[in-house]
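One structure is given below, encoded as structure tokens.
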Amino acid sequence: MCRMSQKLLIILCTLFFISLVFKIEKAFSYKFHYQFSLLKDTDNSSLKQPLSVFVDTKVKRIYVSDAARNRLISYDFAGSPLKEFTAAGQLKGPIFMVKDSSGCLWIIERPLNVLTFVDLKAKKFKRRLLKYKNFTLLPARLALWRNHLFVLDQFSGLIYLVDTNLIEANKIIGLPKLKDFKGFIDIKVKKNRLFALENGGKRLFAFDLNKGTQQILYLKGANSVLPVSFDIDDHNNIYLLDRDLKKILVFSSKGIFRKSFLKEGFRMGQVRYPSYLVISGSRLYIVDEGNGRIDIWGL
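Here our numbering = 1-based position in the sequence shown + 179.
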């Protein structure tokens with residue numbers, strides 16, 4: 180009886196250990212695989228200079244900024260092109276776009292160095308040159324939170340808060356008091372927190388937008404060369420896109436390096452000059468400027 184109890188105990192401990200390992204692996208699940216690419220417009224012509232992608236899960240639409248052809252293109256979730264938006268020919272070199280909860284668009288037009296507001300329903304089109312204390316901003320990235328818009332300035336590497344009613348920069352967000360601070364290169368909003376990747380890809384800052392607190396996560400175990408973008412999946416894994424390495428470096432929620440993937444090349448699923456990364460639900464979107472397409476990976 181005693182031997183039977185010991186064997187049963189060993190079996191139960193083994194099963195518990197296996198289930199524990201499975202749960203840990205699940206928490207670190209980053210098994211994205213290539214699915215398809217967005218590379219044609221509504222006229223079956225190729226994208227010329229895709230620079231960013233925005234995913235609207237509410238209406239299941241994907242929006243691509245095609246800067247060289249002065250347009251935005253929408254796609255359904257199956258990858259079929261739907262509409263082209265040029266603001267009747269007014270749009271100039273859009274490099275980034277976000278869509279707010281009311282359906283309005285906020286667009287960075289690089290040739291004009293402006294933040295552009297578009298209300299499609301009301302047919303409103305407004306441009307603003309953003310300034311902060313007589314300092315003209317060079318918008319590079321946008322992120323939305325409630326009725327506020329965060330603008331990453333490429334000149335200073337700082338994040339500015341823009342009230343979407345006033346449409347002016349009125350505050351610097353989370354200025355790190357660090358002597359070796361190198362400025363931010365990408366921002367994302369996740370669950371009431373603003374994440375910002377520092378230039379060099381060694382530190383990820385998290386600003387709690389409700390509490391006003393700040394945390395710094397150090398990314399360890401891998402050397403990045405030219406990080407340009409990042410995002411975080413549902414398991415809090417961090418994905419760092421390196422334009423020079425042509426790879427995505429994956430870190431755990433504690434900043435420990437786990438693996439890397441992607442290969443350089445021209446084939447579907449390979450990249451030449453990747454410039455932006457977005458994770459939405461079970462999909463990962465990679466903007467590949469060199470190959471002129473958006474690669475979509477899924478779980």
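Cβ coordinates follow ideal geometry from the N, Cα and C atoms, glycine included.
> If you run the structure through DSSP and keep just helix, strand and coil, what is ALA301?
Replying inline: One-based indexing of the sequence shown puts residue 301 at position 122. In this structure, ALA301 counts as coil in the three-state DSSP scheme.
> Are GLU263 and ASP298 close, meaning C-beta to C-beta below 9 Å?
Replying inline: Translated into the one-based positions of the sequence shown, residue 263 becomes position 84. Translated into the one-based positions of the sequence shown, residue 298 becomes position 119. Against a cut-off of 9 Å, the Cβ pair of ASP298 and GLU263 comes out as no contact.
>> Please identify the residue among THR392, MET276, ASP421 and PHE296 whose C-alpha is closest to the C-alpha of ALA401.
In response: Within the sequence shown, residue 401 is the residue found at index 222, counting from 1. Here the closest residue by C-alpha is ASP421.
> In whole angstroms, what separates the C-alpha of PHE201 from that of HIS414?
Replying inline: Taking the sequence shown and counting its residues from 1, one reaches residue 201 at position 22. Taking the sequence shown and counting its residues from 1, one reaches residue 414 at position 235. Model confidence at PHE201 stands at a pLDDT of 39, short of 50, so the residue's coordinates are unreliable and nothing is read from them.
> Taking Cβ to Cβ, would you say ASP474 is nearer than 9 Å to ARG451?
Replying inline: Within the sequence shown, residue 474 is the residue found at index 295, counting from 1. Within the sequence shown, residue 451 is the residue found at index 272, counting from 1. For ASP474 and ARG451, no; Cβs fall outside 9 Å.
>> Give me, in chain order, the residues of the same chain whose beta-carbon lies closer than 6 Å to that of PHE360; leave out the 5 immediate sequence neighbours on both sides.
In response: If you number the sequence shown from 1, residue 360 lands on position 181. Here the set comprises nothing.
> Mind pulling the alpha helix (DSSP H) runs of 4 or more residues that sit fully within the region 256-304?
Replying inline: none
>> Between which two residues does the beta strand (DSSP E) holding PHE440 run?
In response: Residue mapping note: residue 440 aligns to position 261 of the sequence shown, counting from 1. PHE440 -> beta strand (DSSP E) spans 436-440.
> What span of residues does the beta strand (DSSP E) with VAL238 cover, start to end?
Replying inline: Counted from its first residue, the sequence shown places residue 238 at position 59. No beta strand (DSSP E) contains VAL238, which DSSP labels as neither H nor E.
> Applying the criterion that 16 or more other CB atoms from any shown protein chain within 10 Å of the CB defines a buried residue, is TYR455 buried or exposed?
Replying inline: Residue numbering aside, residue 455 sits at position 276 when the sequence shown is read from its first letter. Counting Cβ neighbours within 10 Å, TYR455 comes out buried, since at least 16 surround it.
> If you run the structure through DSSP and keep just helix, strand and coil, what is ARG325?
Replying inline: In the sequence shown, counting from the first residue as 1, residue 325 sits at position 146. Coil, per DSSP.
> Out of ASP279, LYS210, GLY268 and GLN269, which has the shortest C-alpha to C-alpha gap to THR236?
Replying inline: The count along the sequence shown starts at 1 and reaches residue 236 at position 57. Answer by Cα proximity: ASP279.
>> Less than 6 Å between C-beta atoms, sequence neighbours within five positions excluded: which residues of the same chain meet that for ILE427?
In response: To locate residue 427, count along the sequence shown from 1; it is residue 248. TYR418, LEU420, PHE440 and LEU441, listed in sequence order.
>> Which same chain residues end up closer than 6 Å to PHE256 when comparing Cβ atoms and leaving out the 5 residues on each side of it in sequence?
In response: Here residue 256 corresponds to residue number 77 of the sequence shown, with the count starting at 1. Same-chain partners within the cutoff: LYS239.
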